[in-house]
Amino acid sequence: MEVLLRNMKVNQKGTVTKINCEGEICRRIRDIGISVGAEVFVTGRAPLYDPVALKVNDTVVTLRNSEADNIYVEVKG
Amino acid sequence: MSALKAVLAGNPNSGKTTLFNLIAGTHYKVANYAGVTVEKKEARISYDGSEIILTDLPGTYSLTAYSLEEVVARDFITTTNPDVIVDVVDASNLERNLYLAVQLMELNKPVVVALNMIDMAEKRNIRVDAELLSKKLGVPVIKTIARDGVGKKELLEGILKFKSEKREFRISYGSDLDPALEEMEAIINEKSFLTDSYPSRWTAIKYLENDAEIMKKGEAFADVHGKLTAIVERVEKHLKKTLDTYPEIIIADYRYGYLRSVLKDVVKKENEMERLYLSDKADKVLTNRVLGPFIMLAVLYGLYEFTFWASETPVGWLESLFGWMGDTADALLPDGLLKSLVISGIIDGVGGVLGFAPLILFMFFIIAILEDTGYMTRIAYMLDRVFRAFGLQGSSVVPYIVGGGIAGGCAIPGVMAARTIKSPKERLLTILTTPFMACGAKLPVYALLIAAFWPGNKGGMMLGITLGSWALALLMAKVLGLTIVKGEQSVFIMELPPYRMPTVKGLLFHAWEKTWMYVKKAGTIILAVSVILWALMTFPGMSEERSAYYEDQIAQVESTVADEEAQAEAIAEIENAALSEELRGSYAGRIGTFFEPVTQLAGFDWRTNISIIAGIAAKELVVSTLGTAYSLGEVDAEESEPLSARLASDPSWSIATAVAFLLFTMLYSPCFVTLAVINKETGSRKWTAFALVGYTVFAFVVSIIAYNVVSLMI
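Top line first, the protein sequences correspond to chains A and B. Here the first sequence is numbered in my numbering, starting from 5 and rising by one per residue. Here the second sequence is numbered in my numbering, starting from 4 and rising by one per residue.
Following this line, the structure appears as structure tokens:
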């Protein structure tokens, strides 16, 4: 099932299928290591639900929900 | 033999700084890259009979032109043409770290990969076959553990061995882009377009990526530029139609694809993604949605308490030292202008600057702990949503707190603490609004006004002022962000690195370095300004006639009043009156008097105006200058009862004046040391002038409104 990263729950895992945008935000997303085909695992959310923290390539990174809106993830189950 | 030029590149959190310190020891120079405020560290190393100049590039994830750091790193590599680029990579996250390596290699420079933190990777059951990696990438790979000092010798040998080894490196970007790239390369080579600085393929890739920096350079060569952009447009249109995507996305995908194929047999992972390591477990508590904010409040409060507690004693020492120097000068020099200049201009000025040094030292020590442990990024993570509402970001909280968010801080280290904010717009907004906080030097002013006009509710008023300062700072950030502070839409994408134990040596070094920069840079400006302000408040001095008049008065008292105590009192009163008159006659006094008709709109008379001018030198001077102007002699800022009693009974002061002056103090220009720091941190005279003039004008407008509104109510 393909969902937006924004809608993933804590402890959910999946594979990035699409990063859909151009410009700075998306380049920064890829620079930090979130690329198509990468596995991501949501490790937590900030007290007000936003930003989201996730593990990718054994590194924990964080981004805002508005930025996560560009990222599509295929989750299991 | 000329020295070998080597540069150190790498991702943030890859241990690059630690590796630099390991190789360079303590013998390095800190400067800025030409024209920008990005820090540049350079060391000269002798190894095995060779001289190496090692430059630490800013930490970057990429070589695009989006951040200042990236442009600086890229320009430095292309303009200085280093003999070797050492790319420091975190062994636990090779895929992302080598993403930069690919871009460095595409510049066709000799790259040596330092495979750092292999111990951490091994702890996580990640095994890296360095030899195979080296073979597949075609560059030397050297294992290092910078924290433990492992790999220094091997790395230096690697630098010497692989210097200037010319290498052609190219990867495929697929059937859609490769033909276009070749076509562009041919045009670039034919016209030798930018080939002095960049390999032709690299320029072609940058054109496909729409790299603003390179395109701008290209515009000077209209012919080639036109041909290249035509190809780019064609490719873009084609990709949009067939794949609904952009060239830069394909480029990134192919780079990661290439790296995945390289790393396939190189990295052996036996860990599960869901597995929680110590650091992840700590985060379950420290950034817990309920518990996290409470722990953070405690940490921030502790930071504040420690900074001011620890610096109290050294600040006291420095105060006594400069007090002693003042007394010595007082005793040694004859009365007159020179003495006044030395004591009030130079010693007080230098003392003012150095007095803050311990505070800055301890503040940076604590900030270094927050940064080196990795907790700082968690603060930013937890608070981002709140601060974003005002156009700031999570990291803005530290400058605010240090600057006086907990009453009694200091805007100078506060403004400097904004360095931790990466996004330029949010950093500038934080720098510009931190000075609104209730810093320690403003507290005596608040205390004076509260004692005079709200004696019944001291605690409540102080709390109200502190909260009011927060509200003002946040609102101001919002307004400035929406109006005059321009900048890109902010991006908040960052790493939450594993928690690490900082090394004491690193902490001390970090703190010392920042403090020294402050003393050196701010010190010279402050001294000059301090002397100018001294001159403003001293010259032209009292006319001979008037001083003769006061001397006569004193002589009269001496001859007529017999009682010793009464005599001393009467003389002191005359001397105070003389000081007050002298101050009024000074240039500062004249400015104050000149503006009186305008400032009367807010209820301020010439006395208040002079204290405002003095407050620009240092807020501590507001109370003591008011004391002089009210003929009370030198008033100690900490014990201002006589002055507050005087204000309370003065007909020109009312609650309305007090409210207006309170708001004015909160809002008007920061003190000169802060202005000097703002100038240094923003690298912009425009913003410094804005804080000085803009804030003062704004403060006046607000005070006038407040004065009239409160006057109507009472």
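Glycine residues also receive a C-beta, built at the ideal position from the N, C-alpha and C atoms.
- Under the Cβ distance rule, B:Asp78 does not count among the residues neighbouring chain A, no pair being separated by less than 8 Å.
- Here B:Pro85 is buried, its C-beta having at least 16 other C-beta atoms within 10 Å.
- Using a CB distance below 7 Å, the part of the region 61-74 of chain A facing chain B consists of Asn61, Asp62, Thr63, Val64, Val65, Thr66, Leu67, Arg68 and Glu71, ordered along the chain.
- By the 16-neighbour rule on beta-carbons within 10 angstroms, B:Lys271 is exposed.
- Counted as a single uninterrupted DSSP element, the alpha helix (DSSP H) harbouring B:Leu335 occupies residues Leu294 to Leu335.
- Within its own chain, the residues whose Cβ lies closer than 7 Å to the Cβ of B:Arg127, once the five positions on either side in sequence are excluded, are Ser95, Asn274 and Tyr280, listed in chain order.
- At a cut-off of 8 Å between C-beta atoms, B:Asp283 counts as an interface residue with respect to chain A.
- Scanning chain B for C-beta atoms nearer than 8 Å to the C-beta of A:Leu52 yields Arg388 and Val389, reported in chain order.
- Chain order gives the chain B residues near A:Lys17 as Met276 and Glu277, where near means a beta carbon separation below 9 Å.
- Counting along the chain, B:Ile658 sits inside no beta strand (DSSP E); it lies in the alpha helix (DSSP H) bounded by residues Ile658 to Leu670.
- By alpha-carbon distance to B:Arg47, the top candidate from B:Leu435, B:Thr20, B:Val74 and B:Ala9 is B:Ala9.
- Under the rule that a run must span 4 or more residues, the alpha helix (DSSP H) segments found entirely inside the region 583-638 of chain B read 590-602, 609-620 and 623-632.
- Contacts with chain A at 8 Å (Cβ-Cβ) include B:Tyr259.
- Using a Cβ distance threshold of 8 Å, B:Tyr590 and B:Thr660 do not count as a contacting pair.
- 8 Å or more divides the Cβ of B:Val89 from the Cβ of B:Leu163.
- Closest in alpha carbon position to B:Phe701, among B:Ser533, B:Leu475 and B:Tyr521, is B:Leu475.
- Taking the Cα positions, B:Ser426 is about 26 Å away from B:Pro250.
- The beta carbon of B:Ser398 sits closer than 6 Å to those of Ala383, Thr423 and Ile424, all from its chain and outside the five residues before and after it, given in chain order.
- In the DSSP assignment, B:Tyr31 falls within the beta strand (DSSP E) that extends over Tyr31 to Asn35.
- Apart from the 5 residues on each side of it in sequence, B:Ala332 sits with its Cβ closer than 8 Å to the Cβ of Lys342, Val345, Ile346 and Ile350 in its chain, given in chain order.
- Counting along the chain, B:Ile404 sits inside no alpha helix (DSSP H), nor does DSSP assign it H or E at all.
- For B:Tyr50, the enclosing beta strand (DSSP E) begins and ends at Glu42 to Tyr50.
- Within chain B, the residues Arg292 have their CB atoms less than 8 Å from the CB of A:Arg49, given in chain order.
- A residue is called buried when at least 16 other Cβ atoms come within 10 angstroms of its Cβ; B:Ile717 does not meet this threshold and is exposed.
- Among the CB atoms of chain A, one or more fall inside 8 Å of the CB of B:Gly295.
- Using a CB distance cut-off of 8 Å, A:Val46 does not count as an interface residue toward chain B.
- Per DSSP, reduced to three states, the secondary structure at B:Ile382 is helical.
- Residue contact check for B:Val131 against chain A: no CB pair falls below 8 Å.
- In the assembly as shown, B:Met299 is a buried residue. Its beta-carbon has 16 or more other beta-carbons within 10 Å.
- Membership of B:Asp59 in any alpha helix (DSSP H) is not indicated; the residue belongs instead to the beta strand (DSSP E) covering Ser53 to Asp59.
- Assigned with DSSP and collapsed to three states, B:Leu110 falls in coil, not helix or strand.
- CA-CA distance, B:Met520 to B:Ser17, rounds to 25 Å.
- Spatial neighbours of B:Val705 in its own chain (CB-CB distance under 7 Å, excluding positions within 5 residues in sequence) are listed in chain order as Leu666 and Leu670.
- Annotation for A:Thr21: the continuous beta strand (DSSP E) segment containing it runs Lys17 to Ile23.
- Rounded to the nearest whole angstrom, the CA to CA distance from B:Thr376 to B:Pro15 is 14 Å.
- Residue-level contact check: A:Val7 does not touch chain B, since none of the beta carbons of chain B fall below 8 Å from its beta carbon.
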